[in-house]
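Novice: The structure's right below; bear with me while I get my questions together.
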Amino acid sequence: MSDRGDTITITGNVATPPELKRTPAGVVITTFRVARTLRRYDRDTGVWSDVGTNFYTVSAYRTLAEHAHHSLHKGDRVILTGHLRVRDWDNGTRKGTAVEIDADAIGHDLRWGTTTFVKNSRGATIDAARGPAQGAEEDAWAAPGVDSASSGTEGQDAHPALVGAGSASPSAADGDETPF
């Protein structure tokens, strides 16, 4: 068993756009930075205050790298787990310490928003799993597998789907009662 470092799990915000690279051997790597702001609650004042921000360089490999590159954007709130590496560096003019995480798992933090998961079948490409190409028109409200252009609504008046939406309720205009 190899020692890959301490396991760490953090939440934070993607601070840089994920960057996809390939090694000469063809291994896919995505790297990005995550910012984690530490906060402290002062019971005397009843106020939360920022204590400081830690930045981590995150590296994901192979399939996780491809998925992270296609799924994550700067500003996204994420939760990730991986192996921590702390290394000192010196570029001749400056010295510092880099804190890096080799990611084992990455996901959106659902306390702060929603996401849609698309499971890839074994051997499927990322592009096939993502659905229609960018720029393709798609009716987000259409039933799955139904072409909204041929849904049988041609020539019919469009009415708001919510009671009270729009300028007039179609059912009130027709004398019908609200169904609920």
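In terms of the working numbering, the sequence shown is residues 4 to 183. Glycine residues also receive a C-beta, built at the ideal position from the N, C-alpha and C atoms.
Assuming N103 contacts T60 (C-beta within less than 8 Å), just tell me the rounded distance between them.
Specialist: Here the question's residue 103 lines up with position 100 in the sequence shown. Here the question's residue 60 lines up with position 57 in the sequence shown. Checking the sequence, you will find Glu at residue 103 rather than Asn. Contact flag correct, Cβ pair sits at about 5 Å.
Novice: Looking only at DSSP bridge pairs, what is R43 linked to?
Specialist: Locating residue 43 in the sequence shown gives position 40, counting from the first residue. According to DSSP, which records beta bridges pairwise, R43 is partnered with S52.
Novice: What are the uninterrupted segments assigned as beta strand (DSSP E) that are 3 or more residues long and contained completely in the stretch 49–99, given in chain order?
Specialist: Whole beta strand (DSSP E) segments, 3+ residues: 50–64, 80–93.
Novice: Just to check my reading of the structure: S62 and A106 have Cβ atoms closer than 8 Å, yes? What is that Cβ distance to the nearest angstrom?
Specialist: For the purposes of this step, residue 62 is taken as residue 59 along the sequence shown, with counting starting at 1. For the purposes of this step, residue 106 is taken as residue 103 along the sequence shown, with counting starting at 1. Going by Cβ atoms, the distance from S62 to A106 rounds to 7 Å, so yes, they are a contact pair.
Novice: Identify the residues that DSSP records as bridge partners of N16: which are they?
Specialist: By 1-based counting over the sequence shown, the position of residue 16 is 13. A38, R80, per the DSSP bridge assignment.
Novice: Rounded to the nearest angstrom, what separates V30 and Y64 at their Cα positions?
Specialist: One-based indexing of the sequence shown puts residue 30 at position 27. One-based indexing of the sequence shown puts residue 64 at position 61. Roughly 7 Å between the two C-alpha positions.
Novice: Excluding five sequence neighbours on each side, which residues of the same chain lie with their C-beta closer than 7 Å to the C-beta of T33?
Specialist: One-based indexing of the sequence shown puts residue 33 at position 30. Same-chain partners within the cutoff: P21, E22, L23, A63, A68, A71, H72.
Novice: Can you tell me where the beta strand (DSSP E) holding K24 begins and where it ends?
Specialist: Counting from one through the sequence shown, the residue named residue 24 turns up at place 21. From DSSP, the beta strand (DSSP E) with K24 extends over 22–25.
Novice: For D110, does the three-state DSSP call read helix, strand or coil?
Specialist: Here the question's residue 110 lines up with position 107 in the sequence shown. Note on identity: in this sequence residue 110 is Gly, with Asp being the wrong assignment. Reduced to three states, the DSSP call for G110 is strand.
Novice: Is D9 helix, strand or coil by DSSP?
Specialist: Taking the sequence shown and counting its residues from 1, the one referred to as residue 9 is at position 6. Coil at D9, not helix or strand.
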